[in-house]
Amino acid sequence: MAPPSSRRSGFSKKAQFSLFTGYLLAGAGAVLGLALLALSLWQPAAFAPLRGVASDVVAPVGTGGAVTRSGSQGFFATISGYFNAGQQNAELRRENELARIRLAEADAIKAENQRLKGLLALRDSEAKPVAMARLVGSTATSVRRHAYISAGSSSGVAPGMPVVSERGVIGRVLETGRNSARVLLLTDSESVLPVRRAKDNVIAFAEGRGDGLLRIRLVNLGVNPLKVGDVMVTSGAGGYYRPGVAVAVIAKITPDGGIARLVAEPSATNFVAVEPVHEAAAVAELEDTTLPGPSPAAGATPTPTPAPPSGAAAGEE
Amino acid sequence: MERIDPRARSDIYGRRINRAPYAWRVRSVPYVTIMLGSLLPVLLIADLMPLFPSLGFLMLLGWRMVRPGLLPLWAGAPLGAFDDLVSGQPFGSAILLWSLAMIVIELIETRFPWRGFWQDWFTAGVIAVSYWFAALLVSGASVTPELLIVALPQALLSVMLYPIIARMVAGLDRFRLARARKID
Chain A
786 MAPPSSRRSG FSKKAQFSLF TGYLLAGAGA VLGLALLALS LWQPAAFAPL RGVASDVVAP
846 VGTGGAVTRS GSQGFFATIS GYFNAGQQNA ELRRENELAR IRLAEADAIK AENQRLKGLL
906 ALRDSEAKPV AMARLVGSTA TSVRRHAYIS AGSSSGVAPG MPVVSERGVI GRVLETGRNS
966 ARVLLLTDSE SVLPVRRAKD NVIAFAEGRG DGLLRIRLVN LGVNPLKVGD VMVTSGAGGY
1026 YRPGVAVAVI AKITPDGGIA RLVAEPSATN FVAVEPVHEA AAVAELEDTT LPGPSPAAGA
1086 TPTPTPAPPS GAAAGEE
Chain B
10 MERIDPRARS DIYGRRINRA PYAWRVRSVP YVTIMLGSLL PVLLIADLMP LFPSLGFLML
70 LGWRMVRPGL LPLWAGAPLG AFDDLVSGQP FGSAILLWSL AMIVIELIET RFPWRGFWQD
130 WFTAGVIAVS YWFAALLVSG ASVTPELLIV ALPQALLSVM LYPIIARMVA GLDRFRLARA
190 RKID
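Quick mapping for you: the protein sequence lines, in order, are chains A and B. Positions 786 to 1102 (this note's numbering) are the ones given, in order, by the first sequence. Positions 10 to 193 (this note's numbering) are the ones given, in order, by the second sequence.
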């Protein structure tokens, strides 16, 4: 098929000019795009308000999608539940008994913990969430891993706040709109999170690889103490996350640490909690002292410079 | 006449006498469908890897290829700006890349005015893969081998999806021009 002949300018001056103007406008659009691209790569937060408005528009639609998603998951679970109900019932009863015993033990430990914390004059680390929200969408076409949640600045969400599900860390708030916010997921290749091994104090950084796994890089190099199956939790360094929230499970050992799988997968999550920045005062102070260039949300590195992680965050206040 | 052949006074856009297409449909359908294409993948929860090629860009390619001359040459900039707001790419990347794609297609079209489906597919495929790679480079993420591997299905999908998108655009074009308005 040949293009319509109306688009050949021929000898018509008017047609020639309009063709020329078309090229001119398209070229100007490309140049404008290049300038905006350079600006937003240099100052990633520059267009946050614009994007906030857009995500506010998308979020209600996404909420509908999220409801359907969780509804359909429940539907299939119900069907499969019918097929092995009897066997499951017996198993669940046994598990329930075990869980009750463990719960009692946990209560005892909690009480002891409380007592010891009282002795140390540490405040309770349980944070009250700023907002509960649904995960309503994500950037499925881009190689960046961002997600949208259905709570924004009107419910007190601010950039930098950690987002956690009932299983563990999801990511942190990058930009906020009025009723929605954009979250940098842990799997994004620009995300860095200070972590430690749950059972002792082996300290590391968890970096997103961009392919759904996290690279765990040990801070102290030497003999690699990590083992497959180790659980990494937040160390609290940097002051954004409260310490002790589950992040990832080691799946493979590498010379400088390991490759880990996420504990809390956003696609299997419906509701998330936005928590306040754990050590807000310390973070603000750190931001003042460091160069005021890219904002913390944009750079997305939760200040990996302060070297002594675990105890430091708690001691800074 | 109509007793012999009921379709004598109609074509694919419907009956001809006393009917006309809606003006708002004629103008808005391409833009609205491209913007919907930008919005739709946002509703997927892709936590591990990019799941879907840029549907907005594929729709733009489809409209440009199936209906040359319908979108003005500069349409890539405003539509790209909308895509940038929701796609997660840094603002400006789609404005730049979509404008460039429109210019490139225009140049190809003036060079090869007679073309068919296979050539269209080839052009669209080459442009979609270049767009995929350029978008990866300007996304602001550090390009690692792992990142390339997980993003590769996107490139393949965008090439394979073109025929379907082209058929869809043709259907939408029939909807756009359907004579649904009665002239009294």
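The C-beta atom is built at its ideal place from N, Cα and C for all residues, glycine as well.
Where residue i sits in the DSSP three-state scheme
i         : result
B/Asp14   : coil
A/Ile955  : strand
A/Thr1019 : strand
A/Lys799  : helix
A/Arg919  : strand
B/Leu67   : helix
B/Lys191  : strand
B/Asp182  : helix
B/Phe126  : helix
B/Arg24   : strand
B/Ala164  : helix
A/Gly988  : Checking the displayed sequence, the identity of residue 988 of chain A turns out to be Ile instead of Gly. A/Ile988 falls in the strand class under three-state DSSP.
A/Glu975  : coil
A/Gly993  : strand
B/Leu57   : coil
A/Ser950  : coil
A/Glu890  : helix
A/Gly1078 : Confidence in A/Gly1078 is poor, its pLDDT being 43 and thus under 50, which makes the residue's placement too unreliable to answer from.
B/Ala29   : strand
B/Thr42   : helix
A/Thr1090 : Residue placement at A/Thr1090 is poorly supported in this model, since its pLDDT is 41, which falls under 50; the coordinates still yield a value, given next. Residue state, collapsed to three classes: coil.
A/Thr961  : strand
Buried or exposed by the 16-neighbour rule on C-beta atoms within 10 Å, applied to residue i
i         : result
A/Thr1090 : Residue placement at A/Thr1090 cannot be trusted, given a pLDDT of 41 that sits under 50; the coordinates are not used to answer.
A/Trp827  : exposed
A/Ile988  : buried
A/Val1008 : exposed
B/Phe131  : exposed
A/Glu1064 : buried
B/Gln98   : buried
A/Ala1033 : buried
A/Leu901  : exposed
B/Val41   : exposed
B/Phe126  : exposed
A/Ser939  : exposed
B/Val135  : exposed
B/Met68   : buried
B/Phe121  : exposed
B/Glu115  : buried
A/Met917  : exposed
B/Gly180  : exposed
B/Tyr140  : buried
B/Leu45   : exposed
A/Val1068 : buried
A/Gly1043 : buried
B/Ile192  : exposed
A/Arg836  : buried
B/Leu33   : It should be noted that the sequence gives Trp, not Leu, for residue 33 of chain B. So B/Trp33 counts as exposed.
Residue i and residue j closer than 8 Å at C-beta
i         : j         : result
A/Leu971  : A/Gly993  : yes
A/Glu1070 : A/Pro947  : no
A/Pro914  : A/Ala1058 : yes
A/Gly818  : B/Ala86   : yes
A/Leu959  : A/Val968  : yes
B/Leu52   : A/Val846  : yes
A/Gly937  : A/Asn964  : yes
A/Val954  : A/Ala1049 : yes
B/Val75   : B/Ala175  : yes
B/Gly65   : B/Asp92   : yes
B/Ala187  : B/Gly23   : yes
A/Asp973  : A/Arg1027 : no
A/Ala831  : A/Asn1055 : no
B/Ser19   : B/Arg25   : yes
A/Gly962  : A/Ser797  : no
B/Leu156  : A/Gly995  : yes
Supposed close pair residue i, residue j - CB separation, criterion 8 Å
i         : j         : result
B/Gln163  : B/Pro81   : At roughly 28 Å, the Cβ-Cβ gap does not stay under 8 Å, so B/Gln163 and B/Pro81 are not in contact.
B/Ile158  : A/Ser1052 : Not really, about 19 Å apart at Cβ, beyond 8 Å.
A/Arg919  : A/Thr853  : Actually they are not in contact, since the Cβ atoms of A/Arg919 and A/Thr853 sit about 12 Å apart, beyond 8 Å.
B/Ile104  : A/Gly814  : 6 Å
A/Arg957  : A/Val1018 : Their Cβ separation, rounded to whole angstroms, is 16 Å, which puts A/Arg957 and A/Val1018 out of contact at 8 Å.
A/Thr806  : B/Ser96   : Contact flag wrong, Cβ pair sits at about 29 Å.
B/Val38   : B/Phe184  : 7 Å
A/Ala1045 : A/Leu999  : 5 Å
B/Pro77   : B/Arg190  : The Cβ separation is near 26 Å, so there is no contact.
B/Val178  : B/Trp72   : 6 Å
B/Phe100  : A/Leu821  : 6 Å
*What are the complete beta strand (DSSP E) segments, minimum 3 residues, inside the segment 1009-1062 of chain A?*
1016-1019, 1031-1039, 1042-1047 and 1056-1059
Ordered list of alpha helix (DSSP H) runs contained in the segment 803-888 of chain A, each at least 4 residues: 833-868
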